[in-house]
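In order, the protein sequence lines correspond to chains A and B.
Each residue of the first sequence is one higher than the one before, starting from 11 at the first, in the working numbering.
Each residue of the second sequence is one higher than the one before, starting from 1040 at the first, in the working numbering.
Ideal Cβ positions, reconstructed from N, Cα and C, are used throughout, including at glycine.
This one's a predicted model, so the numbers in the text were calculated from it and none came from an experiment.
First the structure, in the form of structure tokens, and then the observations on it.
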Amino acid sequence: EAQVTQNPRYLITVTGKKLTVTCSQNMNHEYMSWYRQDPGLGLRQIYYSMNVEVTDKGDVPEGYKVSRKEKRNFPLILESPSPNQTSLYFCASSPLAGGEETQYFGPGTRLLVL
Amino acid sequence: AQTVTQSQPEMSVQEAETVTLSCTYDTSESDYYLFWYKQPPSRQMILVIRQEAYKQQNATENRFSVNFQKAAKSFSLKISDSQLGDAAMYFCAYRSANNAGNMLTFGGGTRLMVKP
């Protein structure tokens, strides 16, 4: 089954404790992206990747890091989480960047930072 | 920068009736794409329908259709014959055709309730 998976689905952590949220897609997509969703704000892009070893900042990159060492994986790293990073996070992928490609979303990861 | 506005935080509809969700956007570009995504309680983001700005014909997908008014920068979603399973948050989204980052700009969402 073609899908985008994220782990963990739920996470409670404390301020300053490094964490990683994994994202994996099995569709051989080149493009991958991370969004965060906050009430009333919809989804906002954090980082994106056009291909392996190619990443760039989205709208709200502060406090986050990403890496793209393999085509299928695009982990989101919070080096020192803070309470304002409490949010619902989505990973998305598409065959190519731009054009008419539709993005496919993962199931979401709910993060609570105490 | 582009912005997307959904002016209806909540809407309700009777089962089997028709409902229209509103979306307006602001852009100076002429080439772009518009989307409606559905987010059920499971929190999954599901693509409902998409519209290419260069196409004058409104997109339709079964019971879902859009009213795309490019000059007015309006992109409403009509759901016909509403079903209980249509209850969800609905997000309107915009993407520039020239955005290398492929970034989707989302509205704040509309919660749709379906009454049996």
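In angstroms, rounded to a whole number, what distance separates the CA positions of residue 1055 (chain B) and residue 36 (chain A)? Taking the first residue of the second sequence as 1, we reach residue 1055 (chain B) at position 16. Taking the first residue of the first sequence as 1, we reach residue 36 (chain A) at position 26. So the alpha carbons of these two residues sit roughly 37 Å apart.
Coil, strand or helix - residue 1146 (chain B) by DSSP: Here residue 1146 (chain B) is taken as the residue at index 107 of the second sequence, counted from 1. Coil, per DSSP.
Residue closest to residue 81 (chain A), alpha-carbon to alpha-carbon, out of A:88, A:87, A:116 and A:62: Position 71 of the first sequence, counted from the first residue, corresponds to residue 81 (chain A). If we check each option's Cα against that of residue 81 (chain A), A:62 comes out closest.
With a threshold of 7 Å on Cβ separation, who are the neighbours of residue 1084 (chain B) within its own chain once the five nearest residues in sequence on each side are excluded? Here residue 1084 (chain B) corresponds to residue number 45 of the second sequence, with the count starting at 1. Result list for residue 1084 (chain B): 1076 and 1078, in chain order.
How many Å lie between residue 100 (chain A) and residue 1095 (chain B) at the Cα? Within the first sequence, numbered from 1, the residue matching residue 100 (chain A) stands at position 90. Within the second sequence, numbered from 1, the residue matching residue 1095 (chain B) stands at position 56. The straight-line gap from Cα to Cα measures roughly 32 Å.
In this structure, how does DSSP classify residue 116 (chain A) when only helix, strand and coil are distinguished? Along the first sequence, read from residue 1 onward, the residue named residue 116 (chain A) stands at position 106. DSSP places residue 116 (chain A) in coil when its eight states are reduced to three.
Quick one: Cα of residue 1112 (chain B) to Cα of residue 57 (chain A), how far? The residue you call residue 1112 (chain B) lines up with position 73 of the second sequence. The residue you call residue 57 (chain A) lines up with position 47 of the first sequence. The alpha-carbon atoms of residue 1112 (chain B) and residue 57 (chain A) are separated by roughly 27 Å.
Residue-level contact to chain C via CB, residue 1141 (chain B), 8 Å cutoff: Annotation note: the requested chain C is absent from the structure, which comprises protein chains A and B.
Can you name, in chain order, every residue of its own chain whose Cβ lies under 7 Å from the Cβ of residue 1046 (chain B), other than the five neighbours on each side? Your numbering for residue 1046 (chain B) matches position 7 in the second sequence. Excluding residues within five positions, the ones whose Cβ falls inside 7 Å are 1061.
Would you list the residues sitting across from residue 102 (chain A) in a DSSP beta bridge? Reading the first sequence from its first residue, position 92 is the one you call residue 102 (chain A). DSSP, once it has assigned bridges, lists A:43 and A:115 as partnering residue 102 (chain A).
Distance, Cα to Cα, residue 46 (chain A) vs residue 116 (chain A)? Stepping through the first sequence from its first residue, residue 46 (chain A) is reached at position 36. Stepping through the first sequence from its first residue, residue 116 (chain A) is reached at position 106. Looking at the two C-alpha atoms, the distance is approximately 12 Å.
Tell me the DSSP secondary structure of residue 1097 (chain B) in three-state form. Counted from its first residue, the second sequence places residue 1097 (chain B) at position 58. Looking at residue 1097 (chain B) - three-state DSSP - the assignment turns out to be coil, as it is neither helix nor strand.
What's the C-alpha gap between residue 76 (chain A) and residue 1114 (chain B)? The residue labelled residue 76 (chain A) in the question sits at position 66 within the first sequence. The residue labelled residue 1114 (chain B) in the question sits at position 75 within the second sequence. Here the alpha carbon of residue 76 (chain A) sits roughly 33 Å from the alpha carbon of residue 1114 (chain B).
In the DSSP assignment, what are the bridge partners of residue 1151 (chain B)? Within the second sequence, the letter at position 112 stands for residue 1151 (chain B). B:1050 and B:1127.
Residue 1129 (chain B): buried (16+ other C-beta within 10 angstroms of its C-beta) or exposed? By one-based count along the second sequence, residue 1129 (chain B) stands at place 90. Label assigned to residue 1129 (chain B): buried.
Count the other CB atoms, across all protein chains shown, that sit within 10 Å of the CB of residue 20 (chain A); report buried if there are 16 or more and exposed otherwise. Within the first sequence, the letter at position 10 stands for residue 20 (chain A). Residue environment analysis places residue 20 (chain A) among the exposed positions, since fewer than 16 neighbouring C-beta atoms fall within 10 angstroms of its C-beta.
Round the Cβ separation of residue 1146 (chain B) and residue 1057 (chain B) to the nearest angstrom and send it over; I've been treating them as touching at under 8 Å. By one-based count along the second sequence, residue 1146 (chain B) stands at place 107. By one-based count along the second sequence, residue 1057 (chain B) stands at place 18. Incorrect: roughly 21 Å between the Cβ atoms, too far for contact.
Look at the alpha carbon of residue 88 (chain A) and the alpha carbon of residue 1074 (chain B), and state the distance between them as a whole number of angstroms. Here the question's residue 88 (chain A) lines up with position 78 in the first sequence. Here the question's residue 1074 (chain B) lines up with position 35 in the second sequence. Their Cα atoms are separated by approximately 30 Å.
Evaluate residue 91 (chain A) with the Cβ neighbour count: other Cβ atoms within 10 Å of its Cβ, from every protein chain shown; 16 or more gives buried, anything less gives exposed. Here residue 91 (chain A) refers to the residue found at position 81 when the first sequence is read from its first residue. The residue is buried, with at least 16 neighbouring Cβ atoms inside 10 Å.
For residue 1155 (chain B), the nearest candidate out of B:1120, B:1148 and B:1049 (CA to CA): Along the second sequence, read from residue 1 onward, the residue named residue 1155 (chain B) stands at position 116. Closest option to residue 1155 (chain B), Cα to Cα, is B:1120.
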